[in-house]
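Asker: Counting from 369, one number per residue, gives the positions in the sequence shown under my numbering. Sending over a structure as structure tokens; questions will come in a sec.
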Amino acid sequence: MNRQTITGDTLKRDDPEHRRELQAPVDSLFSEQAADYTVEPIRLRFRQPDLEHRFNVDNFAKQVGLLRLSIALGAVIFAVYAVFDPFIIPEITHEAWAIRLGLACPLLLFIVAISYMPGFSYRHQALLSLAMCIPGLAVVGMIAIASSPGNYLYYAGILIILTYVNCLWRLRYYYSIAMSVLTCGAYEFVVLFVNPIPTNMLINNNAFLIFGVGVSVFVNYVQEYKLRQSFVDNEKLRAEQRRSERLLSRSEAANRAKNDFLAIMSHELRTPLNAIIGFSEIISNQMFGPVGQAKYVDYAGDIRASGAHLLSIINDILDISKAEAGKLQLEEEPIDPVEALNRTMRMFRQRASELGVDLTFRVRDDIPWLIADPRLFNQVAINLTSNALKFTPESGSVRVELGVDAAGDLVLSVKDTGIGIKASDTKRIFEPFVQVEDAMSRTQQGTGLGLPLVRKIMSLHGGTVELESTVGEGTTVSATFPKSRFVAPQADEMQWQAS
369 MNRQTITGDT
379 LKRDDPEHRR
389 ELQAPVDSLF
399 SEQAADYTVE
409 PIRLRFRQPD
419 LEHRFNVDNF
429 AKQVGLLRLS
439 IALGAVIFAV
449 YAVFDPFIIP
459 EITHEAWAIR
469 LGLACPLLLF
479 IVAISYMPGF
489 SYRHQALLSL
499 AMCIPGLAVV
509 GMIAIASSPG
519 NYLYYAGILI
529 ILTYVNCLWR
539 LRYYYSIAMS
549 VLTCGAYEFV
559 VLFVNPIPTN
569 MLINNNAFLI
579 FGVGVSVFVN
589 YVQEYKLRQS
599 FVDNEKLRAE
609 QRRSERLLSR
619 SEAANRAKND
629 FLAIMSHELR
639 TPLNAIIGFS
649 EIISNQMFGP
659 VGQAKYVDYA
669 GDIRASGAHL
679 LSIINDILDI
689 SKAEAGKLQL
699 EEEPIDPVEA
709 LNRTMRMFRQ
719 RASELGVDLT
729 FRVRDDIPWL
739 IADPRLFNQV
749 AINLTSNALK
759 FTPESGSVRV
769 ELGVDAAGDL
779 VLSVKDTGIG
789 IKASDTKRIF
799 EPFVQVEDAM
809 SRTQQGTGLG
819 LPLVRKIMSL
829 HGGTVELEST
839 VGEGTTVSAT
849 FPKSRFVAPQ
859 ADEMQWQAS
């Protein structure tokens, strides 16, 4: 037979995807934690250019809808305020309406329309920022041609406009400052040089204007700063999520590699083990004649027993590897649980007698037949009984019971008077290859696969496994099969096959 030696290198060559996943540097998992999220407090910019770009793109995408709405609404409000012009500046009402309705409002709506053009992005905020100063400059124009008292009363319009745009028009902070300074500067120039107003009115208007604009600009600053903080929090969350996904991917890759390795090695070991078991059985039975010394027969029997034990371990490893990989399939058929457990108990009678443990099997109720995988059902019973015998001292007892619980489900329970398990270890005991540290448990042979395999098998059957234990008193393990798997005894295999 042409055989291949399986090594770690062979596995890597056979699965380059696993190799790439496992050999990628672990340090790359944490590279995103080194990102610089510092915000420059004066300029309100991230120090990292790439982060600044991502923020601008993300923020513009979120705010552009509100920005368009607020500009359009601002145009409507600015037009509505035309009703006050005949009362405050009656001498230039028509000129004011021309500035307000014929120039400022159309320009605002034109800017809104431009924002819908393909390719329009945050890089065009300078154009959008013009919408901030258009209504303000329109009011300044009215002040420039208005007579008293209109020329000093209409400053309030500038204050309202700048408060509105600074608080609602989500543009960059420095655009807000620039447009506010431009508008206020134009106002100061007009009331000082073009159409001067009384000094007391100038002082009064500037006091309110500077305070109002200063507060609104500060509000704009705080809003953008909070937006940047929120963006940083989301970036960190996304980075941690990506890192967790990569860690999960690596963990799954490592687990797949482990399962593949165990499966391949187990398959490779089964062939020579079967040969060892078969040849040792031939020798121990002296099928081809006497072997001479009686010790040889005993040794052959020991070889066979050890080989069979190792083969059972390999079968457990194969089953749990398949279960973890989602490849363990049920081969279901109707079975009689009572008869299946009777066969299992007969297997353990002699061993229990040798250990000095009282092994009993009791059926509590009328037990229906069960649709299950016969081999895996027997595996559950074997693993639970074997564990109970293993950790029960001499003169102890192991009681196996089969019955129906209050919910109508089938329950296989194995109760022993063994050493028990600490409460802190009851969850760990279901993890593969885990063995609880204890003076007696350390003297017992085992792989730590019995209970984990039972849980996997029960999960495939839609059932559960529960463990109750008290140190020094014993342990009870209950495997529950759902009543949905019941089939009436008279619905024998012929009826099952017909369906």
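Don't be surprised by glycine CBs; every beta carbon is placed ideally from N, CA and C. These figures come from a predicted structure and were not determined experimentally.
1) Is the region 516 to 525 touching the region 471 to 482, taking contact as three or more C-beta pairs under 8 Å?
2) Taking the beta strand (DSSP E) that residue 703 belongs to, which residues open and close that run?
3) Note down the Cα distance separating residue 544 from residue 524, rounded to an integer number of angstroms.
4) Can you confirm whether residue 473, when its beta carbon is compared against all beta carbons of chain D, has any partner nearer than 8 Å?
5) As an exercise, report each continuous beta strand (DSSP E) stretch of at least 3 residues that is fully enclosed by the region 425 to 473, in chain order.
6) Could you tell me the alpha carbon to alpha carbon distance between residue 687 and residue 608, rounded to whole angstroms?
7) Go through its chain and collect everything with a Cβ distance to residue 665's Cβ below 8 Å, but skip five positions before and after it.
8) Could you check whether residue 551 and residue 582 sit closer than 8 Å to each other, using their CB atoms as the reference points?
9) Can you tell me whether residue 558 is buried or exposed? The criterion is at least 16 other CB atoms within 10 Å of its CB, across all chains shown.
10) Rounded to the nearest angstrom, what separates residue 644 and residue 852 at their Cα positions?
11) When DSSP labels each residue in this structure, what does residue 771 get in the three-state scheme?
12) For the region 527 to 597, which segments carrying the alpha helix (DSSP H) assignment without a break, of at least 4 residues, lie completely within its bounds, in sequence order?
13) Considering only residues of the same chain and omitting the five flanking positions on each side of residue 850, which have a CB-CB separation below 7 Å?
14) With a threshold of 16 other CB atoms inside 10 Å of the CB of residue 657, please say whether the residue is buried or exposed.
15) Classify residue 484: buried if its beta carbon has 16 or more other beta carbons within 10 angstroms, exposed otherwise.
16) Using the DSSP secondary-structure output, state which residues sit across from residue 842 in a beta bridge.
17) Does DSSP classify residue 745 as helix, strand or coil?
18) Only counting the same chain, and skipping five residues up and downstream in sequence, which positions put a Cβ closer than 6 Å to that of residue 847?
19) Expressed to the nearest angstrom, what Euclidean distance is found between the alpha-carbon atoms of residue 462 and residue 410?
20) According to DSSP, simplified to helix, strand and coil, what is residue 784?
21) Pop quiz: residue 428 and residue 599 are said to be a contact at Cβ under 8 Å. What is the actual Cβ separation, rounded to whole angstroms?
22) Whose C-alpha, out of 641, 605, 528, 560, is nearest the C-alpha of residue 585?
23) Assuming residue 560 contacts residue 438 (C-beta within less than 8 Å), just tell me the rounded distance between them.
24) Taking the C-alpha atoms as reference points, what is the distance between residue 548 and residue 574?
25) How big is the Cα-Cα spacing for residue 602 and residue 420?
26) For the beta strand (DSSP E) holding residue 739, just list the boundary residues, first then last.
27) What did DSSP end up calling residue 799 once you bin it into helix, strand or coil?
28) At the level of alpha carbons, what is the spacing between residue 502 and residue 604?
29) Quick check on this structure: which residue in 627, 661, 722 has the alpha carbon closest to the alpha carbon of residue 695?
30) Any chance the region 738 to 747 sits against the region 699 to 714, with 3 or more Cβ pairs inside 8 Å?
31) May I have the straight-line CA-CA distance separating residue 629 from residue 635, to the nearest angstrom?
32) Mapping DSSP to helix, strand and coil, what is residue 639?
33) On a Cα-Cα basis, can you pick out the residue from 591, 754, 426 that is closest to residue 718?
34) So which of 828, 856, 798 has the shortest CA-CA distance to residue 845?
35) Since residue 726 sits in a beta bridge, which residues does DSSP pair it with?
36) Select from 771, 506, 576, 793 the residue whose C-alpha is nearest the C-alpha of residue 465.
Answerer: Well, looking at it:
1) No contact exists between the region 516 to 525 and the region 471 to 482.
2) Locating residue 703 in the sequence shown gives position 335, where the first residue counts as 1. 701 to 703 is the span of the beta strand (DSSP E), which, as asked, contains residue 703.
3) Within the sequence shown, numbered from 1, the residue matching residue 544 stands at position 176. Within the sequence shown, numbered from 1, the residue matching residue 524 stands at position 156. For residue 544 and residue 524, the distance between alpha carbons rounds to 19 Å.
4) The structure shown contains no chain D; it is built from a single protein chain.
5) Segments of the beta strand (DSSP E) lying fully in the region 425 to 473: there are none.
6) Position 319 of the sequence shown, counted from the first residue, corresponds to residue 687. Position 240 of the sequence shown, counted from the first residue, corresponds to residue 608. Each residue's alpha carbon lies about 35 Å from the other.
7) Within the sequence shown, residue 665 is the residue found at index 297, counting from 1. In the same chain as residue 665, and ignoring 5 residues on each side of it, the C-beta atoms closer than 8 Å to its own belong to 651, 652, 654, 659, in chain order.
8) Against the sequence shown, residue 582 aligns to sequence position 214. Against the sequence shown, residue 551 aligns to sequence position 183. Cβ atoms of residue 582 and residue 551: not closer than 8 Å.
9) Walking along the sequence shown from the start, residue 558 turns up at place 190. Residue 558 counts as buried, since no fewer than 16 other beta carbons sit within 10 angstroms of its beta carbon.
10) As a first step, residue 644 is located in the sequence shown; it is residue number 276 there, counting from the start. As a first step, residue 852 is located in the sequence shown; it is residue number 484 there, counting from the start. Straight-line measurement puts the Cα of residue 852 at about 43 Å from the Cα of residue 644.
11) If you number the sequence shown from 1, residue 771 lands on position 403. In this structure, residue 771 counts as strand in the three-state DSSP scheme.
12) Every alpha helix (DSSP H) of 4 residues or more that sits fully in the region 527 to 597 is shown, in chain order, as 541 to 557.
13) The residue labelled residue 850 in the question sits at position 482 within the sequence shown. These residues qualify, in order along the chain: 777, 830, 831.
14) The sequence position of residue 657 within the sequence shown is 289, counting from 1. The Cβ neighbour count for residue 657, taken over all protein chains shown within 10 Å, is under 16; the residue is labelled exposed.
15) Within the sequence shown, the letter at position 116 stands for residue 484. Label assigned to residue 484: exposed.
16) Position 474 of the sequence shown, counting from 1, holds the residue named residue 842. Beta-bridge analysis with DSSP links residue 842 to 838.
17) By one-based count along the sequence shown, residue 745 stands at place 377. Residue state for residue 745 is assigned as helix, using DSSP reduced to three classes.
18) As a position in the sequence shown, residue 847 is number 479, starting the count at 1. Around residue 847: 748, 780, 826, 833.
19) Translated into positions along the sequence shown, residue 462 becomes position 94. Translated into positions along the sequence shown, residue 410 becomes position 42. Cα to Cα, residue 462 sits roughly 44 Å from residue 410.
20) As a first step, residue 784 is located in the sequence shown; it is residue number 416 there, counting from the start. DSSP places residue 784 in the strand class (E or B) of the three-state scheme.
21) Taking the sequence shown and counting its residues from 1, one reaches residue 428 at position 60. Taking the sequence shown and counting its residues from 1, one reaches residue 599 at position 231. Here residue 428 is actually not in contact with residue 599; their C-beta atoms are around 12 Å apart, not less than 8 Å.
22) Stepping through the sequence shown from its first residue, residue 585 is reached at position 217. Answer by Cα proximity: 528.
23) In the sequence shown, counting from the first residue as 1, residue 560 sits at position 192. In the sequence shown, counting from the first residue as 1, residue 438 sits at position 70. Contact doesn't hold; Cβ gap of about 32 Å is too wide.
24) On the sequence shown, residue 548 is found 180 positions in, with the first residue counted as 1. On the sequence shown, residue 574 is found 206 positions in, with the first residue counted as 1. So the alpha carbons of these two residues sit roughly 14 Å apart.
25) Locating residue 602 in the sequence shown gives position 234, where the first residue counts as 1. Locating residue 420 in the sequence shown gives position 52, where the first residue counts as 1. Annotation: residue 602 to residue 420 spans about 14 Å, alpha carbon to alpha carbon.
26) What you label residue 739 is simply residue 371 of the sequence shown in a count that begins at 1. Residue 739 -> beta strand (DSSP E) spans 737 to 740.
27) Here residue 799 corresponds to residue number 431 of the sequence shown, with the count starting at 1. Here residue 799 sits in coil by DSSP.
28) Reading the sequence shown from its first residue, position 134 is the one you call residue 502. Reading the sequence shown from its first residue, position 236 is the one you call residue 604. Residue 502 and residue 604 have their C-alpha atoms roughly 39 Å apart.
29) As a position in the sequence shown, residue 695 is number 327, starting the count at 1. Looking at the Cα atoms, 627 is the closest of the given residues.
30) The region 738 to 747 vs the region 699 to 714: in contact.
31) Counting from 1 along the sequence shown, the entry for residue 629 is found at position 261. Counting from 1 along the sequence shown, the entry for residue 635 is found at position 267. Residue 629 and residue 635: Cα-Cα distance of roughly 10 Å.
32) In the sequence shown, the residue the question calls residue 639 occupies position 271. DSSP places residue 639 in helix when its eight states are reduced to three.
33) Within the sequence shown, the letter at position 350 stands for residue 718. From the listed residues 591, 754, 426, the smallest Cα separation to residue 718 is found for 754.
34) What you label residue 845 is simply residue 477 of the sequence shown in a count that begins at 1. Comparing Cα positions, the closest option is 798.
35) The residue you call residue 726 lines up with position 358 of the sequence shown. 765, per the DSSP bridge assignment.
36) Working through the sequence shown from its first residue, we reach residue 465 at position 97. Here the closest residue by C-alpha is 506.
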